[in-house]
Amino acid sequence: MPADDNSNDERTPLLSSSGRGDADVDKPLPIGQVALLCAGSTAEGIAFFTIFPFVNEMIAEVGSVPEAEVGFWSGWIESVFSLTSMIVMLVWGRASDRIGRKPVLTTCLTGMSVAVALFGLARNVWAMIALRALAGVFSGAVVTVRTMLSENSTSRTQARAFSLFAFAGNVGIFTGPLIGGLFADPAAQYPSVFGHVQLLIDYPYLLPGLVSGSLTALVALSNILWLKETLPEQRDEATKTTPPSIKSIVFAPGVRSVLMIYLYGRLLQFLFTALTPLFYYTPVRLGGLGLSPAQISAFIALAGASQAIWLLFIFPPLQKRHGTGNVLRGCALAYPIAFAVFPLIHVLRRAGKYEVFWGTATTWTVLMSGLSMVFAAIQLALNDISPTPHALGTLNGIALSLASGVRSFSPALITNLYAFGVKRHILGGELAWVVMVVIAVGFGGVLRLLPAKSEVRLVEVGGSERDERA
Numbered sequence: 011m012p013a014d015d016n017s018n019d020e021r022t023p024l025l026s027s028s029g030r031g032d033a034d035v036d037k038p039l040p041i042g043q044v045a046l047l048c049a050g051s052t053a054e055g056i057a058f059f060t061i062f063p064f065v066n067e068m069i070a071e072v073g074s075v076p077e078a079e080v081g082f083w084s085g086w087i088e089s090v091f092s093l094t095s096m097i098v099m100l101v102w103g104r105a106s107d108r109i110g111r112k113p114v115l116t117t118c119l120t121g122m123s124v125a126v127a128l129f130g131l132a133r134n135v136w137a138m139i140a141l142r143a144l145a146g147v148f149s150g151a152v153v154t155v156r157t158m159l160s161e162n163s164t165s166r167t168q169a170r171a172f173s174l175f176a177f178a179g180n181v182g183i184f185t186g187p188l189i190g191g192l193f194a195d196p197a198a199q200y201p202s203v204f205g206h207v208q209l210l211i212d213y214p215y216l217l218p219g220l221v222s223g224s225l226t227a228l229v230a231l232s233n234i235l236w237l238k239e240t241l242p243e244q245r246d247e248a249t250k251t252t253p254p255s256i257k258s259i260v261f262a263p264g265v266r267s268v269l270m271i272y273l274y275g276r277l278l279q280f281l282f283t284a285l286t287p288l289f290y291y292t293p294v295r296l297g298g299l300g301l302s303p304a305q306i307s308a309f310i311a312l313a314g315a316s317q318a319i320w321l322l323f324i325f326p327p328l329q330k331r332h333g334t335g336n337v338l339r340g341c342a343l344a345y346p347i348a349f350a351v352f353p354l355i356h357v358l359r360r361a362g363k364y365e366v367f368w369g370t371a372t373t374w375t376v377l378m379s380g381l382s383m384v385f386a387a388i389q390l391a392l393n394d395i396s397p398t399p400h401a402l403g404t405l406n407g408i409a410l411s412l413a414s415g416v417r418s419f420s421p422a423l424i425t426n427l428y429a430f431g432v433k434r435h436i437l438g439g440e441l442a443w444v445v446m447v448v449i450a451v452g453f454g455g456v457l458r459l460l461p462a463k464s465e466v467r468l469v470e471v472g473g474s475e476r477d478e479r480a
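For the sequence shown, position 254 matches number 264 in this note's numbering, and the numbering has no gaps at all.
Next comes the structure, spelled out in structure tokens:
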């Protein structure tokens, strides 16, 4: 569909103005390149989520923090990562539009591998915060991965590309907690193997970081060797173009609306991701589930595996049939219900109905993992609203910088609220979940801002495909 004078109209499908010509529509996904990019997403997920199963225990034991105050510190350790990400994310995105995608991606992965490996050497909460901040400095890989996936895909293949991207991210969500749970305090967990290794006795949470950091470094090396540059002017000097300004991108039609939807969706993600490990860890008498680090890692891993299945097998055909907007609306209806069930799961645990508790908790974890489709869908909406192909890196940088700003305060906000509710025993310690339900209700209202061009889907017509608004 060639561009016309209305290509910037919010009611016009972006496929007419995305910079992808008709000749490129049938171009297949370059699987090797997509695999390298997805490996980068997986590695970053592993690096980020490795600490979740043991960080609360590490704060209590290594940081000598009272049990009731753990939630306050875990929130700040999470938030400082996002605060530094907010500061550097746009810088990384802008750099990828100027010097190339590949150097930015490989630099970030290498730096992240070092930062995550050092985390277990922290001896107090301030050192944990400093090392988490260092990891945040090198969190720009996700900007470049998203941009390069867009540049390696077409209007027909982008849903598949980003479902693979989301799948890869959830492999990281699945693998990171497993590494954290399996290798935390190895001298105590596996005394016959590590019981005499003094380094691991002195630093019981070092091994998970070393394993995670090594995997991230391996992916960085693979990308250095085999990843191909996708920035047009780096491929062909004849196409050299100055990236549009940040202001022109932000004020392009529909961009601010999609950014608002993107940020609201990410807010729900950040709040939930920060709250659940703390809810799992908190003793039953205080309103939590009282799970061990290994059990916490198993639940997080189950969620990651379930999300991967939803994103790989269910999201692409669902998005193709019903459109991005309708997928988002369906998830918006389910969000409040999903959050409301968690206090009920605690009731089962507290009542000693263990068989019902384990069955309900695992089943609900699998079902509500379908809400992860929101994150793939809002990424497609963001891609669709980009004013030009040369704006992709900067636009992703803007979105992720703003998201990092939201993540810089939201984990601390929800974990502090949870700790406050637990300490005062407000609503049986479930105050935070009630607030989560209220916030989730608002997502449906924000979706009214979704531009029409983000409703585009591909439909079969006589053996071929054409564009149609949902």
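Virtual Cβ for every residue (Gly too), placed ideally from N, Cα, C.
So is residue 134 buried or exposed if we call it buried at 16+ other beta carbons inside 10 Å?
-> exposed
7 Å Cβ shell around residue 98 - same chain, five flanking residues per side excluded | 147, 150
Specify whether the stretch 422-439 and the stretch 279-296 touch according to this definition: at least 3 beta carbon pairs, one from each stretch, less than 8 Å apart.
-> yes
Quick one: grab the DSSP three-state call for residue 133.
-> coil
C-alpha distance - residue 153 paired with residue 428, whole-angstrom precision | 31 Å
Three-state class that DSSP yields for residue 206 in the structure shown = coil
Which of the three DSSP states, helix, strand or coil, is assigned to residue 248?
-> For residue 248, the pLDDT reaches just 46, beneath the cut-off of 50, and the residue's location in the model is therefore unreliable, although a value from the coordinates is still provided. Looking at residue 248 - three-state DSSP - the assignment turns out to be helix.
Under the three-state DSSP convention, the category residue 215 falls into = coil
Name the two residues that bound the continuous alpha helix (DSSP H) containing residue 268.
-> 265-291
According to the neighbour-count rule (16 or more other Cβ atoms, all chains shown, within 10 Å of its Cβ), is residue 266 buried or exposed?
-> exposed
CA-to-CA distance, residue 116 to residue 236, given in whole angstroms = 11 Å
Which runs of the alpha helix (DSSP H) spanning at least 4 residues fall entirely within the stretch 144-182, listed in chain order?
-> 151-162
Contacts around residue 182, its chain only, beta-carbon distance under 6 Å, and the 5 residues preceding and following it disregarded = 52, 55, 56
Roughly how far, in whole angstroms, is the beta-carbon of residue 96 from the beta-carbon of residue 420, given that I think they are within contact range, below 8 Å?
-> 12 Å between Cβ atoms; not a contact.
Take residue 241 as the anchor and find which of 274, 114, 255 has the nearest alpha-carbon.
-> 114
Three-state secondary structure (DSSP) at residue 372?
-> helix
Assign residue 92 to one of three DSSP states: helix, strand, or coil.
-> helix
Okay, do the stretch 81-90 and the stretch 266-276 touch, 3+ Cβ pairs below 8 Å being the bar?
-> no
Per-residue DSSP class, three states only, for residue 195 = coil
Please list, in chain order, all residues of the same chain as residue 67 whose beta carbon is under 7 Å from its beta carbon, the five residues on each side excluded.
-> 303
Span of the alpha helix (DSSP H) around residue 326 | 325-332
Pick helix, strand or coil for residue 541, following the three-state DSSP scheme.
-> Any property of residue 541 remains undetermined from this structure, which presents the chain solely from 11 to 480.
CA-CA distance, residue 461 and residue 326?
-> 20 Å
Through-space distance from residue 110 to residue 252, alpha-carbon basis = 13 Å
Compare the beta carbon distance of residue 271 and residue 65 with 8 Å and say whether it is the shorter of the two.
-> no
Assuming residue 62 and residue 187 form a contact by the criterion Cβ under 8 Å, report the distance between their Cβ atoms to the nearest whole angstrom.
-> 6 Å
So what's residue 200 in DSSP terms, helix, strand or just coil?
-> coil
Would you mind stating whether residue 260 and residue 408 have Cβ atoms separated by less than 8 Å?
-> yes
Distance between residue 386 and residue 173 (C-alpha atoms, nearest Å) | 6 Å
Is residue 74 helix, strand or coil by DSSP?
-> coil
Looking at residue 225 and residue 216, is the spacing between their C-beta atoms short of 8 Å?
-> no
Which of helix, strand or coil does DSSP assign to residue 564?
-> Given a span of 11 to 480 for the chain in the structure shown, any question on residue 564 remains unanswerable.
What is the DSSP secondary structure of residue 425, reduced to helix, strand or coil?
-> helix
Pick out whichever of 311, 391, 361 has its Cα sitting closest to the Cα of residue 336.
-> 391
Residues of its chain near residue 452, where Cβ-Cβ distance is below 8 Å and the 5 sequence neighbours each way are ignored = 274
For residue 78, does the count of other Cβ atoms within 10 angstroms reach 16, so buried, or fall short, so exposed?
-> exposed
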